[in-house]
Amino acid sequence: TQLLEQSPQFLSIQEGENLTVYCNSSSVFSSLQWYRQEPGEGPVLLVTVVTGGEVKKLKRLTFQFGDARKDSSLHITAAQPGDTGLYLCAGEEGGTGNEKLTFGTGTRLTIIP
Amino acid sequence: NAGVTQTPKFRVLKTGQSMTLLCAQDMNHEYMYWYRQDPGMGLRLIHYSVGEGTTAKGEVPDGYNVSRLKKQNFLLGLESAAPSQTSVYFCASRAGIGISGANVLTFGAGSRLTVL
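Chains A and B supply the protein sequences, listed in that same order.
The opening position of the first sequence corresponds to residue 1 in the numbering used here, with each subsequent residue numbered one higher.
The opening position of the second sequence corresponds to residue 1 in the numbering used here, with each subsequent residue numbered one higher.
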C-alpha cells in the first residue's frame, strides 16, 4: 500500500491570506487528484494532475505535481470562507494496481472571516 | 441524475448485530468502492469491485463483506459489528480506467454508523 502524507493536518487562517498544503509520498503515482469535502457530504474532485511538473489553476487555487510524481501541492491565494473544508489528495498507481486510488490523510482548512 | 445514493444515512448498532449498507449508482459505472473515514486517517479502502459479479479486498477488509450482484448496486455488510467499526462509510463509483475523464470518483453523501 502506497502512503500519502498530507501537511499540515489542520490549518486556520484569516480571510485574504495565502496558504499552501502538501501531499507527499515515497512512491511514484501515475496521476494525482485533489478533492474537497464539506461537512455531511462526500469528497468532490477539484483537479487531476498527470504529468511530472504539471501546474493547473482553478481560479484562486494552484495545483502542482512534483517532477518525480511523488508529491503535490495546493496553493490558495487570498483565501475565502468558502474555501473552508477538508482537502484530500489521492494517488493512482500505474500498471496493474491502477484500479484503486490511495487517499492522503487530509488537511482540514478553516478560513476565518 | 441522483449520482451515488447511500442508505441508510445514519444507523446505531449494538455490538454483535449485523447490518447492510446499500450503495446505488445510476451512471452505468463499472467500478465501485467502499471507504471508511476516521478522524486524521483520510479515506481507507475496504472493498471494491471492477464489475458486476466481482469483488476485491482493499486496505482494511476485515470484518466486512461485499456483494455486486447488479452493476448499479454495491452492498457492504457487517456480520458482527464491533465498536471499532464506528465510522463514516462512503461509497464511490468511477467509469473505468484508461478512459479519458473516467478516473474521477463520484462519492455518495456517506453513512454514519455507530456501534455501541
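In this text, a Cβ means the ideal position worked out from N, Cα and C, and glycines have one as well.
Express the C-alpha separation of B:Leu22 and A:Lys57 in angstroms, rounding to a whole number.
Position 57 of the first sequence, counted from the start, is the residue given in the question as residue 57 of chain A. Position 22 of the second sequence, counted from the start, is the residue given in the question as residue 22 of chain B. Spanning the two alpha carbons is a distance of roughly 36 Å.
With a cut-off of 7 Å, does the C-beta of A:Leu45 fall near any C-beta of chain D?
You won't find chain D in this structure, because its protein chains are A and B.
Figure out for me which residue from A:Ser27, A:Asn18, A:Leu4 has the closest Cα to the Cα of A:Ala68.
Numbered from its first residue, the first sequence carries residue 68 of chain A at position 68. Among A:Ser27, A:Asn18, A:Leu4, the Cα nearest to that of A:Ala68 belongs to A:Ser27.
Please classify A:Gly97 as buried or exposed, where buried requires at least 16 neighbouring CB atoms within 10 angstroms.
Within the first sequence, residue 97 of chain A is the residue found at index 97, counting from 1. With a pLDDT of only 49 at A:Gly97, under the threshold of 50, the placement of this residue in the model should not be trusted, and no figure is reported.
Any beta carbon of chain B sitting closer than 7 Å to that of A:Thr110?
One-based indexing of the first sequence puts residue 110 of chain A at position 110. For A:Thr110, the answer is no, since every Cβ of chain B falls outside 7 Å of its Cβ.
May I have the straight-line CA-CA distance separating B:Ile46 from A:Ser12, to the nearest angstrom?
Locating residue 46 of chain B in the second sequence gives position 46, where the first residue counts as 1. Locating residue 12 of chain A in the first sequence gives position 12, where the first residue counts as 1. One C-alpha to the other measures close to 31 Å.
Should the segment 98 to 108 of chain A be called in touch with the segment 5 to 17 of chain B, which here means at least 3 C-beta pairs below 8 Å?
no
May I have the straight-line CA-CA distance separating A:Glu15 from A:Ala78, to the nearest angstrom?
Walking along the first sequence from the start, residue 15 of chain A turns up at place 15. Walking along the first sequence from the start, residue 78 of chain A turns up at place 78. Computed Cα separation, rounded: 7 Å.
Is the shortest distance between the beta-carbon of A:Glu41 and the beta-carbons of chain B less than 7 Å?
Numbered from 1 along the first sequence, position 41 holds the residue referred to as residue 41 of chain A. Yes, A:Glu41 lies at the interface with chain B (some Cβ there is under 7 Å from its Cβ).
Around the C-beta of A:Val21, are 16 or more other C-beta atoms found within 10 angstroms, so that it is buried, or is it exposed?
Within the first sequence, residue 21 of chain A is the residue found at index 21, counting from 1. Buried, by the Cβ-count rule.
Could you pull out every residue in the same chain whose Cβ sits closer than 8 Å to the Cβ of B:Ser18, ignoring the five residues on either side in sequence?
By one-based count along the second sequence, residue 18 of chain B stands at place 18. Counting only Cβ-Cβ distances below 8 Å, and skipping sequence neighbours, we find Gly77, Leu78, Glu79, Ser80, Ala81.
Would A:Leu32 pass as a contact of B:Val104 if the rule is Cβ separation under 7 Å?
The count along the first sequence starts at 1 and reaches residue 32 of chain A at position 32. The count along the second sequence starts at 1 and reaches residue 104 of chain B at position 104. No, the Cβ-Cβ distance between A:Leu32 and B:Val104 is not below 7 Å.
Take A:Gly40 as the anchor and find which of B:Phe107, B:Leu116, B:Val115 has the nearest alpha-carbon.
Position 40 of the first sequence holds residue 40 of chain A. Nearest of B:Phe107, B:Leu116, B:Val115 to A:Gly40, Cα basis: B:Phe107.
Can you list the residues of chain A that B:Phe117 reaches, using a CB-CB cut of under 8 Å?
Chain B is shown only over 1 to 116; residue 117 of chain B falls outside these bounds and no answer can be derived.
For the beta strand (DSSP E) containing B:Ala134, name the first residue and the last one.
Missing from the structure shown is residue 134 of chain B; chain B here goes from 1 to 116 and no further.
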